[in-house]
Amino acid sequence: MIIKGFFANYLKENDEVLLTKAEHASNVLPWFTIDNINVKYIELDNGIVTLDNVKKAITPNTKVISIAQITNVLGDERPIKEIVKYAHEKGILVVMDAAQSAPHIKIDVQDLDVDFLGFSGHKMCGPTGIGVLYGKKELLEMIEPLKTGGGMNNDFESDKSYKYKELPYRLEAGTPNIEGV
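When we follow the working numbering, the leftmost residue of the sequence shown carries the number 532, and every step to the right adds one.
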């Protein structure tokens, strides 16, 4: 939802997204679907993400850094707060994959200042197929819904005009997985 609903419209030709080669496929493959952007990788220092290596990877075209707080590949905890602070000084948005960290450590999105964060419900001993999406309200307001249907609209007319509800309902088409949630 973040990548296709927001970044596909936000990023322009030749903009760059920074990842690492130790990211989960869920944080890599969706970026490949956006045409005309460049996916680049932060060099790992003995398998570890360092702020210095993040700084080295950033160019004037870098618009997004998308990394896990803790990776399931190597298990390292990244210096997210420092990365976000530096990225924001450069006008770069940060997406944090919290699938591995949310079950194990306290996460304060306001303190970290991340722009978007997501994690899976099954990593928290919940059912599969559900998850959490956090985003700063002004960014969430810009997401285009990926699914449309009942429950997300205030009204619609036969001339194809419609008005969506406020967040979060505008992003939740149809009947949610109530039992799972």
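We put the beta carbon where it would ideally sit given N, CA and C, even for glycine.
Item                                                                                      : Value
Start and end residues, alpha helix (DSSP H) containing A587                              : Contrary to the premise, residue 587 reads as Lys rather than Ala in this sequence. From DSSP, the alpha helix (DSSP H) with K587 extends over L582 to A588.
Collapsed DSSP secondary structure at K594 in the structure displayed                     : strand
Within 9 Å, strictly: CB atoms of A599 and L575                                           : no
Inter-residue Cα distance where the pair is L698 and F647                                 : 15 Å
Pair within 9 Å by beta-carbon distance, E672 and V595                                    : no
Status (buried if at least 16 other CB within 10 Å, exposed otherwise) for Q641           : exposed
Helix, strand or coil at K668 according to DSSP, with G and I counted as helix            : helix
Continuous alpha helix (DSSP H) stretch holding D642: start and end                       : V640 to L643
Option in K616, H619 and E608 with minimal Cα separation from G578                        : E608
Presumed contact (8 Å Cβ cut-off) between Y617 and V585, rounded CB distance              : 7 Å
When K571, R701 and I636 are compared against K654, the one with the closest alpha-carbon : I636
Burial state of D583, where buried means 16 or more other Cβ atoms lie within 10 Å        : exposed
Option nearest G680 by Cα separation, candidates S651, G657, Q631 and T706                : T706
F563: first and last residue of the uninterrupted alpha helix (DSSP H) it sits in         : L560 to F563
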